[in-house]
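**Q** Before I ask anything, let me first share the structure, which is written out below as structure tokens.
This is how it looks when you write it as structure tokens:
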């Protein structure tokens, strides 16, 4: 089956697994029981798994430059090093796009990434290279992102019994949200997300609508969606 969404729909219909976009990467706390059910579903529905690309029954995987294991989720070390190796002053639009593209691999781990991206918007919209104007604020933002990516937290993986909390923040131009799990000592982050409002959204939406949008975006893109029954 070529349609990835159809494949995900079939799997979700039969198994309560966590499917992580954009591939069909599945996380399950029931291990081999779900693996057996998954095998039966693939056989019945005619789903084909390529041997070189399909991995099963492992406790640690690399997925889209992210390492996932029983202890949590973190960015691969070589991606952090690649971010550090970028110069503080980027020479043109392509260079900036390359830098932000690498930073995006850490998008779910960086708190309020949109705050840093905002100051690059005009540079990304610039078509003529002759109008490229790098300023001190851009250098500052690059340095800040490199510093943030050098000290990223390890995200927690929620379990069925965990109590989850969503925090949001929004202002005139950006929104941010984070999914936290409660622990005996406080709270641990499970996922960050955020973005910039369009001009129309920024002008028309009330602050309550912006906050609700931040909640919706977090839940919509959350790989732990099925665990949200205990959400506050």
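Numbering (the numbering used here), first residue to last: 67 to 298. The C-beta atom is built at its ideal place from N, Cα and C for all residues, glycine as well. For clarity, every value in this text was computed on a predicted model and none was experimentally measured.
#1: For residue 180 versus residue 236, is the C-beta distance shorter than 7 Å?
#2: Among the candidates 152, 277 and 275, whose CA atom is the shortest distance from the CA of residue 207?
#3: Touch check for the region 223-243 and the region 192-201: three-plus C-beta pairs under 8 Å?
#4: Thinking just about the alpha-carbon of each residue, which of 227, 128, 147 and 249 is nearest to the one in residue 213?
#5: If you measure between the beta carbons of residue 205 and residue 270, is that distance less than 7 Å?
#6: Suppose you measure from the CA of residue 250 to the CA of residue 219; what does that come to, to the nearest Å?
#7: Can you list, in chain order, the residues of its chain whose CB lies under 8 Å from that of residue 187, leaving out five sequence neighbours each side?
#8: Residue 223 to residue 104, Cα distance in whole Å?
#9: Taking residue 244 as the reference, which of 167, 216, 183 and 285 has the closest Cα?
#10: Where residue 162 and residue 211 are concerned, what is the direct C-alpha to C-alpha distance, given to the nearest angstrom?
#11: How long is the line joining the alpha carbons of residue 168 and residue 145, rounded to whole angstroms?
#12: Assuming residue 141 and residue 172 form a contact by the criterion Cβ under 8 Å, report the distance between their Cβ atoms to the nearest whole angstrom.
**A** So, from the listed chains and residues:
#1: no
#2: 152
#3: no
#4: When only C-alpha atoms are compared, the closest one is 147.
#5: no
#6: 18 Å
#7: Taken in chain order, the residues that qualify are 262.
#8: Approximately 22 Å between the Cα atoms of the pair.
#9: Cα-wise, what sits closest to residue 244 is 285.
#10: 13 Å
#11: 7 Å
#12: 5 Å
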